[in-house]
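Number of protein chains: 2
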Amino acid sequence: MAEKIFRVDMSDLSVKSEAVPTAWQGLGGRALTSAIVAAEVEPTCHPLGRNNKLVFAPGLLSGTRAANSGRLSAGAKSPLTGTIKESNAGGTAAQLMARMEIKALIIEGIPAESQFYALKVTADGVTITPENNLIGCGNFEVVEKLGLVDNKECGLLSIGQAGERNQLSANISVKDPEGKFRSLGRGGLGAVMGSKGVKYITLDAAGTQKSVPLVDSDKFKVAAKTFAKALLNHPVCGEGLGAYGTNILVNIVDETGGLPTKNFRSGHYDKHEMISGEKMSEMIAERGGKVKHGCHAGCVMQCSQVFVDKEGKYVTSGFEYETIWAMGAHCCIDDLDILAQADSIMDDIGVDAIEMSVTIGLAMEAGIIKFGDGAGLLRLLDDVKTGSPLGRILGSGAAITGKTYGLTRVPVVKDQAIPAYDPRAVKGIGITYCTSTMGADHTIGYTVATNILKCGGFVDPLQKAGQVELSRNLQIATAAIDSTGLCLFVAFAVLDDETALPAIVDMLNARFGISMIVDDVTALGSSVLKTERAFNQAAGFTNAHDRLPEFFAAETLPPHNAIWDFTGEEIDEFWNF
Amino acid sequence: MAEKIFRVDMSDLSVKSEAVPTAWQGLGGRALTSAIVAAEVEPTCHPLGRNNKLVFAPGLLSGTRAANSGRLSAGAKSPLTGTIKESNAGGTAAQLMARMEIKALIIEGIPAESQFYALKVTADGVTITPENNLIGCGNFEVVEKLGLVDNKECGLLSIGQAGERNQLSANISVKDPEGKFRSLGRGGLGAVMGSKGVKYITLDAAGTQKSVPLVDSDKFKVAAKTFAKALLNHPVCGEGLGAYGTNILVNIVDETGGLPTKNFRSGHYDKHEMISGEKMSEMIAERGGKVKHGCHAGCVMQCSQVFVDKEGKYVTSGFEYETIWAMGAHCCIDDLDILAQADSIMDDIGVDAIEMSVTIGLAMEAGIIKFGDGAGLLRLLDDVKTGSPLGRILGSGAAITGKTYGLTRVPVVKDQAIPAYDPRAVKGIGITYCTSTMGADHTIGYTVATNILKCGGFVDPLQKAGQVELSRNLQIATAAIDSTGLCLFVAFAVLDDETALPAIVDMLNARFGISMIVDDVTALGSSVLKTERAFNQAAGFTNAHDRLPEFFAAETLPPHNAIWDFTGEEIDEFWNF
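Listed in order, the protein sequences are those of chains X and V.
Position one of the first sequence corresponds to residue 0 (numbering that gives the first Met the number 0), numbered consecutively onward.
Position one of the second sequence corresponds to residue 0 (numbering that gives the first Met the number 0), numbered consecutively onward.
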């Protein structure tokens, strides 16, 4: 069985199976989705129109037994930002697609009639069926009604009500091993799926090989072991993330004065302990939830958790720092039970938890509800679920909510909400927000690793020196990691343990029978960034868009009275490579 | 008394009177507002933030007795488009400012407190007073409560509820000689005024000179007479516009197959006669309204009218073709009485009638109300007035309404609604929409004059040949006319009567004691366009933004099955001058 690309055209409901062009054979994950979007999508097209394409691709190591290799990439022109977009998530889909040797699934066109469909993907092809029963359902109802909660051999990609309505904050949900969801979160890819009339996609690998073939399985085993060991030995990957989840960051980031509070008015939230990872783990342990949990098979970090209520009943999992920050410090709501409930609702409606929660803070800024109003937060999410006019506004994300209410303190870059780290107090991440090819995004060049966690050395977060170079190096490395199917969090180990990156290269070589060297990884990352940047330039983006909102340069941030003081010229140095 | 610039800083409520810098002494109207905005406003600033500036400037001939010289220009960075913006209107303000020898009024900063103010402008300076009583009032209530309806010596610039809320479709209303309103309509300048906390500005010229000094008054008189004669002799300026108003165009544009109907699905509206200028004039005459009416003293064209209801009671004036088209053919509402009522409501709330009416059509596209629902139109305008969430969406204009409801058939360029002429069937105006420095705008290069009315020759509207050159020539000429304070409609005479342009040049020479030649007018126009373009480029605009929405290239327009078939390269030729 050879690797292939499945291409679905929703305009005429046709399906093709195509051989993988030579140029794309060495690519996977983000490198592949960005290459396909750049090659096939007109950069100035309407993101929700007939000319956009939605591409899913497992990573190069997906389907192997490499630790933490279960990330699926999705790519398209983003309706939120207007830029190229890649979003990746855990869950079971990447491994199932890899097992079926599907290099990419491309969905193009839009249906002639106003009708939703279901796609069923197997190793042999894709069938398209009109879907009516599950329209209007949230993601949890979809997975339950399809009977897929416990089916380990069948994956699910689904959109909730937000995606059906083409809302710009809509995500795509990826079923995880427990039948819950991980999210292809940012950039509104759920709206692209909705615009194509696709409610859900099942990925049925029953009867196929259990893992992908390896050209040199002995060499792979050795490298995989070295790699897993590097992860387990690292204090962040092997310890911190498992013990407290990503929410370990609340106390740490607050301590550095970079936890954006009350819509970026302070870097310190006086109730931060109430929403911290430590507090969360304590609550989970007391109530009998799961402190550690993996979002895909083969994860050794276990940064997820199962958050339960006082009665021990499941509420949510994958309860991340950025979401908790946004509803917590940003909206000043200090009740983790409310935040967990809201997190589950957002997963069900299918909205990006960062975009939506930052937007709720703007609803507070606009006076729609008050800062700190947890019950109000839940009411607003109900508006998003039902699609009321207010829900339509909020579902369109932070930039549009800001414009609709005439706000000036709107934390977005390229119309995507700025997450969880104030760029005035963590200047490296500010450079990442500005220069990201996909709008404000922390994961695309996570300088927090070096600015705060001191992985890969230390660059003082309050000083300008070294930040552009740091962000550039991390963005290049991340573009490569995002192409392997490995979880971004392996980067902590890669930065600190000199055995980790060679082990990744060895795994790739053993998987495909090639002879990459470490420098090739950097070259791949650079090439991905340049491809993405070229798409954006053709879509009309310039250096003038690589800027933070002006309030970051006009208002100092307590407690350090930090200010955003990069000039345009200094930021633009980023692209000199 | 020398000409001066008044500068008001709303951050500290200070006022300065400044001498006019040499470089700006030969500029007026749009040339001056664009020069000031380009020189003083950071192109990437937030349009509603502290760094934007709102500039008012009468034209070079304002305050003289030149026919149709009463246009006031307002400029800023537009919150709707993100580009530089100049909008001009009739009414009494330009002449009053010119009489007071105020070359420009610049309003900068934003108030420290959330408080609205009134500005009182006299020849001596500006006073700033907190305003509370009139907050929440529509424009008609403002002018009445201020007792300014019949005060010919005191002008008024005011915003309605939409401007107070920083809504992107908000306009600035300019009192006309009857105490009704003309609009600085497009680009959301009312939101800029609202963001600066200015509810209204009075312009009190009582006791000042009745007209501006002329260096050579005899020469001026001769030229002014020649100019007025050219206007009166022209079939459009001297006859058509007076008899039927701009709404004379409904039947004409429908006949050419370019009247966009049901959100740009056809170029022919089967009920077009019901909303035509002929029908309107007949109704006005029967009911005892005024068929002809000028928006400012000295207007010889009289394209306005006073539309009355069945009981002969005043409903609206300045009831324009583009507004009637948008609510009529675009929304499929064929009842002029409802359209007139809606026109008056929009003047009162203070929203751009084109942007808002095109947006109402998108609300129909989204299924919020049905096409043809006149009562629904009035209900939606009430939402805008009260600022409900739905009203907030609609008040944000067509682009945001399209995004909020996930629409793809959204007729905007640079986020400003496309007016009244389908670019597929009137290709010259399509080039104007694309290349305008201010988003889709017909007045900035009104090729309809030559494509349809056959003024200045004829360029076949259905063919590509000659359109780029036509649009370029008209945009250059318009930029110059917009700087003189002359109404754009003088262009019809300028295109056809060889005495008209030399007469304008003679008037300018006689007014200022200079010796311009006709070529200098073209040079001025070119220079204005280049200044504006440079601002936009620094703000992040590229050729990729000079494009129509993709549905114009994908859907043919009945009855001619016309299509938008310009390539990007062909459009970009526009800027080769």
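Glycine included, each C-beta is placed from N, C-alpha and C at the ideal position.
Quick caveat, the model's predicted, so the values are computed rather than measured.
For residue i, three-class secondary structure by DSSP
i: Q466 (chain X); result: helix
i: G373 (chain X); result: helix
i: Q415 (chain V); result: strand
i: K198 (chain X); result: strand
i: T260 (chain V); result: strand
i: L118 (chain V); result: strand
i: Q208 (chain X); result: coil
i: C433 (chain X); result: helix
i: C236 (chain V); result: helix
i: I513 (chain X); result: coil
i: Y271 (chain V); result: Reading off the sequence, residue 271 (chain V) comes out as His, not Tyr. Note: H271 (chain V) maps to helix in three-state DSSP.
i: Y320 (chain X); result: helix
i: E549 (chain X); result: coil
i: H441 (chain V); result: coil
i: L452 (chain V); result: coil
i: P78 (chain X); result: coil
i: Y622 (chain X); result: Nothing about residue 622 (chain X) can be reported from this structure: the residues present for chain X run from 0 to 576 only.
i: F491 (chain V); result: helix
i: I577 (chain V); result: Outside the shown range of chain V, which is 0 to 576, sits residue 577 (chain V), and nothing can be said about it.
Same chain only: Cβ atoms within 6 Å of residue i, ignoring 5 sequence neighbours per side
i: F534 (chain V); result: A37, P42 and I83
i: D571 (chain V); result: N542
i: L147 (chain V); result: C153 and L155
Residues near residue i by beta carbon distance below 7 Å, same chain, minus five either side
i: T400 (chain X); result: T358, L361, A362, I392 and L393
i: I229 (chain V); result: One detail in the question is off: residue 229 (chain V) reads as Ala in this sequence, not Ile. Here the set comprises A492, D496, T498, A499 and A502.
i: K3 (chain V); result: S16, E17, A18, V19, E100, I101 and K102
Limits of the unbroken alpha helix (DSSP H) element including residue i
i: K278 (chain X); result: G276 to R286
i: D8 (chain X); result: Premise fails: D8 (chain X) lies in the beta strand (DSSP E), K3 to D8, not in any alpha helix (DSSP H).
i: I353 (chain X); result: A352 to E364
i: V142 (chain X); result: N138 to K144
i: E254 (chain V); result: L248 to E254
i: I35 (chain X); result: G28 to E39
Own chain residues within Cβ distance below 8 Å of residue i, not counting five before or after
i: P418 (chain V); result: E321, W324, A325, I353, V357, A439, D440 and H441
i: Q462 (chain X); result: K426
i: N165 (chain V); result: L47, P78, A190, G193 and S194
i: D382 (chain V); result: L389, G390 and L393
9 Å Cβ cut-off: residues of chain X touching residue i
i: C44 (chain V); result: E549
i: R164 (chain V); result: Y404 and G405
Chain-ordered neighbours of residue i on chain V, where CB pairs are closer than 7 Å
i: T541 (chain X); result: G539 and T541
i: S343 (chain X); result: Correct list: empty, because the minimum Cβ distance to chain V is about 24 Å.
Per-residue contacts from residue i into chain V (C-beta, under 8 Å)
i: H544 (chain X); result: G539
i: A190 (chain X); result: G405
Where the beta strand (DSSP E) containing residue i begins and where it ends
i: L335 (chain X); result: Looking at the DSSP string, L335 (chain X) is not in any beta strand (DSSP E); the run it does join, the alpha helix (DSSP H), is L335 to I348.
i: T128 (chain V); result: G124 to P129
i: E17 (chain V); result: S13 to A18
i: P388 (chain X); result: P388 (chain X) -> not in any beta strand (DSSP E); alpha helix (DSSP H) instead, spanning P388 to G394.
i: I171 (chain X); result: I171 to K174
i: L183 (chain V); result: F180 to L183
Interface partners of residue i on chain X, CB under 8 Å
i: L376 (chain V); result: Within 8 Å Cβ-Cβ: nothing; L376 (chain V) doesn't reach chain X, min ~16 Å.
i: L389 (chain V); result: P388
Residue i: contacting residues in chain V (beta-carbon distance under 9 Å)
i: G327 (chain X); result: None at all; the shortest Cβ gap to chain V is about 25 Å.
Closer than 7 Å at the beta carbon, the chain X residues around residue i
i: L47 (chain V); result: G405 and T407
i: L587 (chain V); result: As displayed, chain V neither begins before 0 nor continues past 576, which places residue 587 (chain V) out of reach and without an answer.
Exercise. Going along the chain, which residues of the segment 392–421 of chain X sit with their C-beta nearer than 7 Å to a C-beta in chain V?
Worked result: I392, S395, I399, K402, T403, Y404, G405 and T407
Exercise. For the segment 546–572 of chain X, which residues have a CB atom closer than 9 Å to at least one CB atom of chain V, in sequence order?
Worked result: Contacts with chain V (Cβ-Cβ distance below 9 Å) from the segment 546–572 of chain X involve R546, P548, E549, F550, A553 and G567, listed in chain order.
Exercise. Using a Cβ cut-off of 9 Å, which residues of the segment 226–237 of chain V contact any Cβ in chain X, in chain order?
Worked result: Listed by position, the residues of the segment 226–237 of chain V near chain X (Cβ gap below 9 Å) amount to none.
Exercise. For the segment 67–78 of chain V, which residues have a CB atom closer than 7 Å to at least one CB atom of chain X, in sequence order?
Worked result: Legend: CB atoms of the segment 67–78 of chain V lying less than 7 Å from CB atoms of chain X are not found in any residue.
Problem set entry | Contact set between the segment 252–263 of chain V and chain X, restricted to residues whose Cβ is under 7 Å from the partner | If the cut-off is 7 Å between Cβ atoms, the segment 252–263 of chain V has nothing near chain X.
For this session: Name, going along the chain, the residues of the segment 191–210 of chain V whose beta-carbon falls closer than 8 Å to a beta-carbon of chain X.
Result: G193 and S194
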